Every structure is written in C-alpha cells, then in structure tokens.
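Q:
Number of protein chains: 2
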Amino acid sequence: MTSIFHAEQIKEIVHKLDISEQLEQGFVAYSQNNVVVPPVGELVFENPPGDAHIKYGYIKEDDYFVIKIASGFYENHKLDLPSSSGLMLLFSQKTGMLVSVLIDEGYLTNVRTAIAGQIVAKYMAPKEVNGIGVFGTGIQGRLQVEYLKPVTDCRKVVVWGQENDDFASYISEMETKGYTVETTTDVETLTRQCNLIITATPSRTPLIQAEQLLAGTHITAMGSDTPEKQELDSEILKKADIIVADSIEQCLTRGEIHKALEAGMIKEESVFELGNVILQPNLGRTSENQLTVADLTGVAVQDIQITKAVYQAIREASGKQ
Amino acid sequence: MTSIFHAEQIKEIVHKLDISEQLEQGFVAYSQNNVVVPPVGELVFENPPGDAHIKYGYIKEDDYFVIKIASGFYENHKLDLPSSSGLMLLFSQKTGMLVSVLIDEGYLTNVRTAIAGQIVAKYMAPKEVNGIGVFGTGIQGRLQVEYLKPVTDCRKVVVWGQENDDFASYISEMETKGYTVETTTDVETLTRQCNLIITATPSRTPLIQAEQLLAGTHITAMGSDTPEKQELDSEILKKADIIVADSIEQCLTRGEIHKALEAGMIKEESVFELGNVILQPNLGRTSENQLTVADLTGVAVQDIQITKAVYQAIREASGKQ
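These protein sequences, in sequence, are chains A and B.
The opening residue of the first sequence carries number 1 in our numbering; numbering runs sequentially from there.
The opening residue of the second sequence carries number 1001 in our numbering; numbering runs sequentially from there.
(1) Please state whether DSSP places Asp1062/B in a helix, a strand or coil.
(2) Should Thr113/A go down as buried or exposed, given a rule of 16 or more other Cβ atoms within 10 Å for buried?
(3) If you check the beta carbons only, do Val1181/B and Val1151/B fall under 8 Å apart?
(4) Pull up the DSSP beta-bridge partners for Met124/A, would you.
(5) Just verifying my parser: in three-state terms, what is the DSSP assignment at Pro1039/B?
(6) Could you check whether Val1134/B and Ile1054/B sit closer than 8 Å to each other, using their CB atoms as the reference points?
(7) In angstroms with no decimal places, state the Cα-to-Cα distance between Leu1207/B and Asp51/A.
(8) Give every residue of the same chain whose Cβ lies closer than 8 Å to the Cβ of Pro49/A, excluding the five residues on either side of it in the sequence, and list them in chain order.
(9) Taking only beta-carbon atoms, is Ala1052/B less than 8 Å away from chain A?
(10) Could you give the distance in angstroms between the alpha-carbon of Pro1038/B and the alpha-carbon of Ala245/A?
(11) Please list the segments of the alpha helix (DSSP H) lying wholly inside the segment 1263-1314 of chain B, counting only runs of 4 or more residues, in order along the chain.
(12) With a threshold of 8 Å between beta carbons, is Pro281/A in contact with chain B?
(13) Starting from Glu1175/B, follow the alpha helix (DSSP H) in both directions and report where the run begins and ends.
(14) On the premise that Ile236/A lies in contact with Val293/A, defined as a C-beta separation below 8 Å, what is that separation, rounded to the nearest angstrom?
(15) What do you get for Gln162/A, buried or exposed, if any count of 16 or more other CB atoms within 10 angstroms of its CB means buried?
(16) If the cut is a Cβ gap below 9 Å, which residues of chain A does Tyr1058/B touch?
(17) Along the beta strand (DSSP E) that carries Ser1100/B, what are the first and last residues, could you check?
(18) In terms of DSSP beta bridges, what is Phe5/A paired with?
(19) Got a sec? Which residues, its chain only, sit under 6 Å from Leu81/A by beta carbon, not counting five neighbours each side?
(20) Taking Tyr56/A as the reference, which of Phe45/A, Asn47/A and Val35/A has the closest Cα?
(21) Comparing the C-beta of Gln1009/B with each C-beta of chain A, is any distance below 8 Å?
(22) Between Met1097/B and chain C, is the shortest Cβ-Cβ distance under 8 Å, so that the two count as touching?
(23) Assuming Met1088/B and Lys1068/B form a contact by the criterion Cβ under 8 Å, report the distance between their Cβ atoms to the nearest whole angstrom.
(24) Using a Cβ-Cβ cutoff of less than 6 Å, which residues in the same chain neighbour Gly141/A once the five nearest sequence positions on both sides are dropped?
(25) Distance check for Gly1026/B and Asp1225/B, CA to CA, integer angstroms please.
(26) Under DSSP, the beta strand (DSSP E) around Thr220/A begins and ends at which residues?
(27) If the cut is a Cβ gap below 7 Å, which residues of chain B does Val101/A touch?
(28) Could you check how far apart the C-beta atoms of Ser3/A and Ile115/A are, in whole angstroms? I think they sit under 8 Å.
(29) Say whether chain B places a C-beta atom closer than 8 Å to the C-beta of Phe5/A.
(30) Tell me the residue span of the alpha helix (DSSP H) that contains Gly1131/B.
(31) Which residues of the segment 64-85 of chain A have a Cβ closer than 7 Å to any Cβ of chain B? Give them in chain order.
(32) Quick one: is Gln321/A near chain B, going by C-beta distance under 8 Å?
(33) Would you report the Cα separation of Glu128/A and Asp153/A, rounded to the nearest angstrom?
(34) Drop a sphere of 10 angstroms on the beta-carbon of Lys1177/B, count the other beta-carbons inside from all chains shown, and report buried for 16 or more, exposed for fewer.
(35) Leaving aside the five residues before and after Ala125/A along the sequence, list all residues of the same chain whose C-beta is less than 6 Å from its C-beta, in chain order.
(36) To which residues of the same chain is Asn1047/B closer than 6 Å at the C-beta, ignoring the five residues directly before and after it?
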C-alpha cells in the first residue's frame, strides 16, 4: 500500500533528523558515477507565467528510485499562494511499485540544499568562524545558517540585503533560533566581520569582490544556479586555493564556476567535486589561511537521498518498520 | 488541499462515466496542435529488468496539466505482484499547485486505450457488425470489447489466442458481461465471422493476411506500439480504403503504419489523424464495403483528458463541486 505524507508531517519529522550522512553518501555515489540522472523534464506556461520541472533518478543497485516534481508560478502571491509547489515520489527499484507520495510542497528541496551547505562547511570552512555572513534574506538565507549549527559554534550572523528586503522578519526568526543578527546593505560591513559566507540571492551581477574578503574566508555560493546568475566576481575564484562543485558537469554550464571558466580565470582541472572531497578530505581545507569557494547548483541525488531518509524515518516513527 | 484517490475509488467511478466526449475533444486538440507534449522521460533498470516512463503535457489555455508515471517490471509475477503500476498527477495550469494524486495503478491507461478503440469504431466500423474478432486474451482484448458496447449491438466475440493462453478466464469474464464467446487458435476461423477486428497482442510478426479478411472489415490495431511490433501484414494497409492514426507523428516510427511505410506499401499522405476524422466524419467510413484500419499507439492527451474527467467526476460525486 502506498503511504502518503503531507507537508506538516514531513516538516515535523525532518526537524528531528540528521540526514547529512545520507546526503554525503549520495554525493559520493554521484562522484563515483553510481547515480543515474536522465535529463530534467520541463513544462513552460505563459499565461500566467510558470514552469514545472521533473527531476528523477536513482543510485545503482539501491532499493528505490525517486521522481521529484517542482513548480514555480511567480504571480501566485496575487492569489495569496506560495510561488513554488511540488512533491516527491518514491518507487521500488525492484518492482516499480509506488511506495510513497511525499507532498512536501518544495520543503525537502529547501532542506537538502541547506544540508549541502552544511556538508561543504564541514570540509571547507575555517575552524574558527568569527561571523557567518549571509547574502539574501530569503528561505535559504535562513535555512543555510540553521543547518550550520552542527559544524560551527558561531551564532553571530551578518545579513546583507537590499533596502526594501524584509530584515525585520529575518531578525525575528533568526533571533528565536539563537543567533545575534546584524543587518546591512553594505558589502564590506559583512565581509570585514565574517570568514564564513553564504550567498543566496538571484543576482546577475557580482556582489562581492576579491579584495573585500578576509584571509581564510570560505564562501558557499548557492544562489547562482543558471547560466545567467552570478554572485561572486570571478577574481575570487582565481584567487581561491580550493574550488569545489557539487556537480562539475552542471557547474560547467551554470553558476560561478561557469562564469569564471568563461572569463578564463580558472581551469576545469582545478575544480574538485564534493563527493571526492568527502572521500578524500585532504582535498578540502588544510590550513586556516586558505580562501575556499564551493559552488552549489543542486543535484538530483540530494532529492533521492532526502526522500528515502524521510520516508524511512516516518515509517520508523509510526512503528511500521 | 491536494485530493488523493486510490485505485478502488477510481475504478468504481470510471465504470459509471462516459469519458468518450472528453477524449474526442482531446484528439481534436492534439490534431489542431493545441497540445504540448514534451519527450517521454525514461528510467531503465537491469536487475531485475524493468522500466518507468514519465509522460506529461497539457492542452493550451486549459485549467490543468497532467504528469503520468507508469512502470513495468516483468518479473513481478514471481512476487505475486502485477507487472505494471503507476499514477496520474493533476496540477493547476494557473498556479502550479498539485490538485490531485490518482493512484490508479495503470488502470486509467487501460481505459483510455479502450475508449480510443470505441471512438475509432464509432467513425470507422461498418454499421452491421456480424462478429467482433479479438486477437489477444489480455486486458485490452477484454476492455476493448466492453467499451464497444455504446457503438455496436453485436455481442458475439471470436477470440484468437495461442494454445497456452487463458481462454477459460476470458470466456468466463466476457460471458458475465453479456457476450457469447468462441475461442480459436486459427486466424481464418475468426476473420470469416468478424468484420470488426481488434488486434491486442505483442506480436512481432503479422498475424493477419489481407486475403483472409471479409469485405467491409474494420481493424483497430492497438497492440503494435513499438518500432518492432507488427500484427497486420502491410498488404492490408495497402488494400485499405481508409487508414487512420491516433498520432501521425508517432505512427511514422512505430506500429503498423511505420511498417507499411517502410515496406513502401503506403504513403504518409494517405494516413488521416483521428482528431481530423472526428472534426470531419466524412474522412471516416462512408460505405459498408470499405476496408478500414486504425493504428493506435497511445497519445498523452488521452491521459490528460481521462485524468481531468475522473477527478471532476469524483469531486462531483463527493459533493465538493
């Protein structure tokens, strides 16, 4: 019998789970070419403008395969509806049977993205974090910080936004979660205080310049996931001691690495893939003074792993294991 | 709130519904290029062998879009499980929200395929049907006949199968549904008695030769849906007065029309598309002596239309309209 889970149940259980180990295993499987991920399916709508994407795949010889559907309709706010929606479908890789429908409304994508940031920080952030700098006051600007808790004791956040951004709600949410928050519209106010930086904006022009960074800073760039978006000046990647991509294949055509390659600032050979860094942590940070950059564009194996983990946790919680 | 429907509910409501009108509208929209259908997504597994297909699309300016997932694992019988499984997902084309999950386990695909046979027979079968001939004793060999009830009074069925086929269960099911059933392993025993023939086998070699057919016979060939499969000798298509395809584009690369084109027996221009026949019924049968052939390969717009129809019917039945 197919089990159905709704967003509330999923959120409740995810808050209690540590899924980082499964996600690390997923990145390793991906870098070892053990993950099958066909091209993304896409539907585009004009009136009103919107799209739906179908991402799917499996780890070879695993028990399950996963199909994720995510939609984005950017005028939904006019109807008081969230712009994004979606679900995860878990199937048996042994029988093709539909095992579970997780109507997560996009929540698991947010979480698996934040956990990727946590994993990257585990291998790449400096030991002593004096401040967490965040570009962007949206969902990822919050979740990425929250999911750093297991890898750093730092609870000081400097958040950069534009003047009309919703700083008040950011402060109130993050203070509740145990952070002190300073807001700014000035880049250097952030970069002077923070050696662990997350960029989580849809910017199409670089927000940070190389000379603004403290020595030993780590940056996780997760906003730029299309060929057009860019948050870091490519000079930063040129100066970086270590550059890591979640998927080298994807980063060749989108995000910061794509831009730096296009500008001739870096060579493909100097980019390591996250799964390989997890296998060989000495590919990650080895000294406090290194400048490091991780470029995250999102990989289907993250969806596969979080869906399996949540399904199994809900099953265990309900005693059906 | 997303509504979830399971196979039992779906089957119960479908038995009471006439979905042929919506399916006709779907074929018309398809032939008028008003349907968006991206390439099918596919996952293939080796151990055990199986596959999953993702079909999706929408009618332009409609309220919904539909994603269908269907899996086939052909060793499932060893586990006492059906070989095919699947579900339909109905989304709003205006907001991207997931409206309904129909866990139909492949049932709606069977029904929409049978209704396509009904529509074809409505426009192409002779007025006087003296016997319904069926090649294949499987699900379509039964459903196709059942769904012919609205378009012919004939209740005499001659079913052709191979010696080890399950004739007993075919007879018992179809007699319950009001038919007299004769079984045979000899093609001409069927073709001599029947001027409405359905082929529903996975054959890769032609089962019927042109000279075996009665004058005025109509054949609906729905088993051959891949480049390799073939149920009719191409001479039949050469002799046919009218040839209709559900999708000309698909029939160029699979099924009977593909085989006849490849053999130089027919020209593409002599094939009409079902949506156009519905719009202009004089493209269908106009006299009792014509030999007519319909080649059905299955089109995503059928999935779109049946999913919408079933969702709306269940909503109405439960008073939520």
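Ideal Cβ positions, reconstructed from N, Cα and C, are used throughout, including at glycine.
What you are looking at is a predicted structure, and each value in this text was computed from that prediction instead of being measured.
A: Straight from the coordinates:
(1) Looking up residue 1062/B in the second sequence gives position 62. The answer is coil: DSSP assigns Asp1062/B none of H, G, I, E or B.
(2) Position 113 of the first sequence, counted from the start, is the residue given in the question as residue 113/A. So Thr113/A ends up on the buried side.
(3) Here residue 1181/B refers to the residue found at position 181 when the second sequence is read from its first residue. Here residue 1151/B refers to the residue found at position 151 when the second sequence is read from its first residue. No, these two residues do not count as a Cβ contact at 8 Å.
(4) Position 124 of the first sequence, counted from the first residue, corresponds to residue 124/A. Paired residues: none, contrary to the question.
(5) Working through the second sequence from its first residue, we reach residue 1039/B at position 39. Note: Pro1039/B maps to coil in three-state DSSP.
(6) As a first step, residue 1054/B must be located in the second sequence, where it is residue number 54. As a first step, residue 1134/B must be located in the second sequence, where it is residue number 134. Their beta carbons are not under 8 Å apart, which means Ile1054/B does not touch Val1134/B by this criterion.
(7) Translated into positions along the second sequence, residue 1207/B becomes position 207. Translated into positions along the first sequence, residue 51/A becomes position 51. Near 45 Å, if we compare the C-alpha coordinates of Asp51/A and Leu1207/B.
(8) The sequence position of residue 49/A within the first sequence is 49, counting from 1. Once the five neighbours on either side are set aside, the close Cβ partners of Pro49/A are Phe73, Tyr74 and Glu75.
(9) Within the second sequence, numbered from 1, the residue matching residue 1052/B stands at position 52. Ala1052/B counts as touching chain A.
(10) By one-based count along the second sequence, residue 1038/B stands at place 38. By one-based count along the first sequence, residue 245/A stands at place 245. Straight-line Cα distance between these residues: approximately 30 Å.
(11) 1274-1279
(12) Numbered from its first residue, the first sequence carries residue 281/A at position 281. No, its Cβ sits nowhere closer than 8 Å to a Cβ of chain B.
(13) Taking the second sequence and counting its residues from 1, one reaches residue 1175/B at position 175. Start and end: Phe1167 to Thr1176.
(14) Within the first sequence, the letter at position 293 stands for residue 293/A. Within the first sequence, the letter at position 236 stands for residue 236/A. Confirmed, about 6 Å.
(15) Looking up residue 162/A in the first sequence gives position 162. With fewer than 16 other Cβ atoms within 10 Å, it is exposed.
(16) Start at 1 with the first residue of the second sequence, and residue 1058/B comes out as number 58. Ordered by position in chain A, the residues that pass the 9 Å Cβ test against Tyr1058/B are Leu43 and Phe45.
(17) Here the question's residue 1100/B lines up with position 100 in the second sequence. Where Ser1100/B is concerned, the enclosing beta strand (DSSP E) stretches over Leu1098 to Ile1103.
(18) The residue given as residue 5/A occupies position 5 in the first sequence. According to DSSP, which records beta bridges pairwise, Phe5/A is partnered with Leu102/A.
(19) Along the first sequence, read from residue 1 onward, the residue named residue 81/A stands at position 81. Once the five neighbours on either side are set aside, Leu81/A has no close Cβ partner at all.
(20) Reading the first sequence from its first residue, position 56 is the one you call residue 56/A. Considering only alpha carbons, the answer is Val35/A.
(21) Locating residue 1009/B in the second sequence gives position 9, where the first residue counts as 1. No, no contact with chain A.
(22) You won't find chain C in this structure, because its protein chains are A and B.
(23) The count along the second sequence starts at 1 and reaches residue 1088/B at position 88. The count along the second sequence starts at 1 and reaches residue 1068/B at position 68. Contact flag correct, Cβ pair sits at about 5 Å.
(24) The sequence position of residue 141/A within the first sequence is 141, counting from 1. For Gly141/A, where only same-chain residues beyond five positions count, the Cβ hits under 6 Å are Val134 and Ala200.
(25) As a first step, residue 1225/B is located in the second sequence; it is residue number 225 there, counting from the start. As a first step, residue 1026/B is located in the second sequence; it is residue number 26 there, counting from the start. Cα to Cα, the separation comes out at about 20 Å.
(26) For this step, residue 220/A is matched to residue 220 along the first sequence. Per DSSP, Thr220/A belongs to the beta strand (DSSP E) from His218 to Ala221.
(27) Counted from its first residue, the first sequence places residue 101/A at position 101. Ordered by position in chain B, the residues that pass the 7 Å Cβ test against Val101/A are Val1101.
(28) In the first sequence, the residue the question calls residue 3/A occupies position 3. In the first sequence, the residue the question calls residue 115/A occupies position 115. Not confirmed; about 23 Å, so no contact.
(29) Looking up residue 5/A in the first sequence gives position 5. Closer than 8 Å: no.
(30) Position 131 of the second sequence, counted from the start, is the residue given in the question as residue 1131/B. Taken as a continuous stretch (DSSP letters only), Gly1131/B belongs to no alpha helix (DSSP H), as it is neither H nor E.
(31) Phe65, Ile67, Ile69, Ser71, Gly72, Phe73, Asn76, Leu79, Leu81 and Ser85
(32) As a first step, residue 321/A is located in the first sequence; it is residue number 321 there, counting from the start. With a pLDDT of 48 at Gln321/A, under the threshold of 50, the predicted position of this residue should be treated as unreliable, though the coordinate-derived value follows. So no, Gln321/A is outside the interface.
(33) Looking up residue 128/A in the first sequence gives position 128. Looking up residue 153/A in the first sequence gives position 153. The straight-line gap from Cα to Cα measures roughly 9 Å.
(34) The residue you call residue 1177/B lines up with position 177 of the second sequence. Per the 10 Å Cβ criterion, exposed.
(35) As a position in the first sequence, residue 125/A is number 125, starting the count at 1. Here the set comprises Leu196 and His218.
(36) The sequence position of residue 1047/B within the second sequence is 47, counting from 1. Counting only Cβ-Cβ distances below 6 Å, and skipping sequence neighbours, we find nothing.
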